[in-house]
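Chemist:
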Amino acid sequence: MSLRRFALLSFCVLLAACSKINQENYSKIKTGMTKAEVESLLGSPTDCSGALGFSSCTWGDQKSFISIQYAGDKVLMFSGQGLK
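With mature numbering (1 follows the signal peptide of the UniProt record, and there is no 0) as the guide, the letters of the sequence shown map in order to residues -16 to -1, 1 to 68.
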């Protein structure tokens, strides 16, 4: 294996290991937190949508994710799946 391939593979493994989408960070989410507080904990969301003052944002992928519903700027409900 070339050095370049090895470096790329190592980087990908490290990146996956450093995911903020985990049980530890999920347990820090509380109802009433602001979007800014959540994003400082989890980073930028993978996807967001909303209307009429309500929004829903998701971090992660189909296997492992955290989903948060906001009313205005505050966490209303949240759920997670596949967290380690």
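We put the beta carbon where it would ideally sit given N, CA and C, even for glycine.
Given this structure, state the Cα-to-Cα distance separating Cys32 from Ser(-15), to the nearest angstrom.
Modeler: Each residue's alpha carbon lies about 40 Å from the other.
Chemist: Answer yes or no: do Lys14 and Leu25 have a C-beta to C-beta separation smaller than 8 Å?
Modeler: Against a cut-off of 8 Å, the Cβ pair of Leu25 and Lys14 comes out as no contact.
Chemist: Could you check if residue 135 is buried or exposed, using at least 16 other CB atoms within 10 Å of its CB as the buried criterion?
Modeler: Since the first residue of the chain shown is -16 and the last is 68, residue 135 is not available in this structure.
Chemist: Would you give the residue range spanned by the beta strand (DSSP E) that Lys58 belongs to?
Modeler: 58 to 65 is the extent of the beta strand (DSSP E) around Lys58.
Chemist: State buried or exposed for Leu(-2), treating a residue as buried only when at least 16 other CB atoms are found within 10 Å of its CB.
Modeler: Note that Leu(-2) has pLDDT 48, beneath the 50 cutoff, so the model's placement of it is unreliable and the number below is only indicative. Exposed, because fewer than 16 other Cβ atoms sit within 10 Å of the Cβ of Leu(-2).
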